[in-house]
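Peer 1: The structure that follows is given in the form of structure tokens.
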Amino acid sequence: MAAARVLLLLSGRAESPSFAQSVCGLLGAGPGLGPWPTHCGLKRGRLVLSDGPFPGSSARLPLQRPPFCPFAALDQQLRTPGAELPSNRGVDLGVAVLLQSSDQSVLLTRRTRTLSVSPNVWVPPGGHVGLDEELLDGGLRELQEETGLQLPHGQFSWVPLGLWESAYPPRLSWGLPRYHHIILYLLVVSWESQQQLQARIQPNPSEVSAFMWLGPEIAAAVAAAEDGTETLTHLPRDLPPSVLTVELGEDERARPLDLPTSTLLRTTPTTAEGNERVSAGTKFALRLWLQHLGR
1 MAAARVLLLL SGRAESPSFA QSVCGLLGAG PGLGPWPTHC GLKRGRLVLS
51 DGPFPGSSAR LPLQRPPFCP FAALDQQLRT PGAELPSNRG VDLGVAVLLQ
101 SSDQSVLLTR RTRTLSVSPN VWVPPGGHVG LDEELLDGGL RELQEETGLQ
151 LPHGQFSWVP LGLWESAYPP RLSWGLPRYH HIILYLLVVS WESQQQLQAR
201 IQPNPSEVSA FMWLGPEIAA AVAAAEDGTE TLTHLPRDLP PSVLTVELGE
251 DERARPLDLP TSTLLRTTPT TAEGNERVSA GTKFALRLWL QHLGR
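Going by the UniProt record's numbering, the first residue of the sequence shown is number 1, and it counts up by one from there.
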């Protein structure tokens, strides 16, 4: 088995959860939607989680999973005969950067249609953390690899926002999960404006097909579009009918595109479709960002 990336302190002992176990469940999550306050040790290439304080814990963050989390469902039902989940893997660690400009908008990117995981879905830049990599360094590396943005040293601040238990496929109705991650969302606040940052964005076409900036009003509507409910058929009052995005064409040239705001309010479908939408974890991160702005 590869080196454990996510460790849990259970009854005072550090344990690596198996691929099929719900991390939220192991940490005592109840039947509600959460989030559940979780004590964290943010170490090089590794995340230690506990439901109580422990020596070396550096943050207390909200941990949440979607209401349709397949690992929570697998905890409560008999496995289908013949169905197999990976037995030689644990839970992997990912980091995502919610980049905020100085004029209070955040950057989201749309994953390309050709990716094997979450194609055509809007998310913040992010990915896997290297085993010997600091979590912030991993997030900034992924930001640069996906968008070309390299933030000048000393011209940004950052804070961990929260943790999301992620599965792909995201629902059992799509099939058994093949990936299991804990995603750490980091808020990185740049001293530069949206216009200054956008002038330097060079999307990586193998990973990113479009990008956009969301202000608090639209972000609040997106965050309120809870998964497990129907997509809103009528936009909330005062929301614009579309959001300006920048899309890469087949020639990989960037062009402006007015994306219908209703697209951003779609929820995770019950069947495996490639519909463009914002991921459930991203909605969670946007809610945390808005709470941070409110403080």
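Ideal placement from N, C-alpha and C gives every residue a C-beta, glycine not left out.
Predicted model, so just to flag it, every value in this text is computed and none were measured.
#1: When burial is assigned at 16 or more other CB atoms within 10 Å of the CB, is L268 buried or exposed?
#2: For G274 and A29, what's the separation of their Cα atoms in angstroms?
#3: In three-state DSSP terms, what is P177?
#4: Given a cut-off of 9 Å on the beta-carbon distance, is the pair R5 and V91 in contact?
#5: Assuming the contact rule is C-beta atoms closer than 8 Å, residue 298 and L107 should be a hit. Round their C-beta distance to whole Å, please.
#6: Taking the alpha helix (DSSP H) that V208 belongs to, which residues open and close that run?
#7: Just the C-alpha distance for N120 and V278, rounded to the nearest angstrom, thanks.
#8: Count the CB pairs spanning the segment 63–70 and the segment 166–185 that are closer than 8 Å, and state whether there are at least three.
#9: Looking at the secondary structure, which residues open and close the alpha helix (DSSP H) in which Q195 lies?
#10: By the 10 Å Cβ neighbour count, where 16 or more other Cβ atoms means buried, how is L161 classified, buried or exposed?
#11: On the DSSP letters alone, give me the boundaries of the beta strand (DSSP E) that A59 sits inside.
#12: By alpha-carbon positions, which one of V188, S209, P55 ends up nearest to H39?
#13: Compute the Euclidean distance between the alpha carbons of T270 and Q155, then round it to the nearest angstrom.
#14: Which of the three DSSP states is assigned to G45 in this structure?
#15: Identify, in the order they occur along the chain, each residue of the same chain with its Cβ nearer than 8 Å to the Cβ of H292, setting aside the five sequence neighbours on each side.
#16: Grab me the residues of P81's own chain with a C-beta within less than 8 Å of its C-beta, minus the 5 sequence neighbours each way, in chain order.
#17: Tell me whether V117 is buried or exposed, calling it buried when 16 or more other Cβ atoms sit within 10 Å of its Cβ.
#18: Distance, Cα to Cα, V246 vs G127?
#19: Using three-state DSSP, classify P160 as helix, strand or coil.
#20: Compute the Euclidean distance between the alpha carbons of S11 and L26, then round it to the nearest angstrom.
#21: DSSP three-state label for L7, please.
#22: Output the boundary residues of the beta strand (DSSP E) element that contains W289.
#23: DSSP on D137, reduced to helix/strand/coil?
#24: Quick check on the burial criterion: 16 or more other C-beta atoms within 10 angstroms. Buried or exposed for R65?
#25: Could you compute how far the alpha carbon of L149 sits from the alpha carbon of A280?
#26: Hey, out of C24, G130, Q104, E15, whose CA is closest to L63's CA?
#27: Taking Cβ to Cβ, would you say Q194 is nearer than 9 Å to D103?
Peer 2: Reading from the atomic positions:
#1: Note on identity: in this sequence residue 268 is Thr, with Leu being the wrong assignment. With 16 or more Cβ atoms within 10 Å of its Cβ, T268 is classed as buried.
#2: A direct Cα-Cα distance of roughly 31 Å separates G274 from A29.
#3: It is coil, neither helix nor strand.
#4: Against a cut-off of 9 Å, the Cβ pair of V91 and R5 comes out as a contact.
#5: For residue 298 there is no data in the structure shown, the boundaries of the chain being 1 and 295.
#6: From DSSP, V208 is part of no alpha helix (DSSP H) but of the beta strand (DSSP E) over 208–214.
#7: Their backbone Cα atoms lie some 9 Å apart in a straight line.
#8: Taking 8 Å as the limit for Cβ pairs, the verdict is that the segment 166–185 does touch the segment 63–70.
#9: It spans 194–198 - the alpha helix (DSSP H) in which Q195 sits, taken as one unbroken run.
#10: By the neighbour-count rule (16 or more Cβ atoms within 10 Å), L161 is buried.
#11: That run of the beta strand (DSSP E) goes 59–64.
#12: Checking every option, the nearest Cα to that of H39 belongs to P55.
#13: CA-to-CA, the gap between T270 and Q155 works out to about 43 Å.
#14: DSSP places G45 outside both helix and strand once states are collapsed to three, so it counts as coil.
#15: Cβ within range, chain order: V159, L161, L187.
#16: Per-residue confidence for P81 stands at a pLDDT of 48, beneath the threshold of 50, marking its modelled position as unreliable; the derived number appears in the next sentence. Residues of the same chain with a CB within less than 8 Å of the CB of P81, apart from the 5 flanking positions on each side, do not exist.
#17: It is exposed - the Cβ of V117 has fewer than 16 other Cβ atoms within 10 Å.
#18: Each residue's Cα considered, the two are about 22 Å apart.
#19: In the three-state DSSP reduction, P160 falls in the strand class (E or B).
#20: Roughly 11 Å between the two C-alpha positions.
#21: Residue state, collapsed to three classes: strand.
#22: Note, W289: premise wrong, no beta strand (DSSP E); alpha helix (DSSP H) at 280–294.
#23: It is helical.
#24: Around the CB of R65, 16 or more other CB atoms lie within 10 Å, so the residue is classed as buried.
#25: Those two C-alpha atoms are separated by around 25 Å.
#26: Its Cα nearest to that of L63, the residue C24 stands out among C24, G130, Q104, E15.
#27: Contact: yes.
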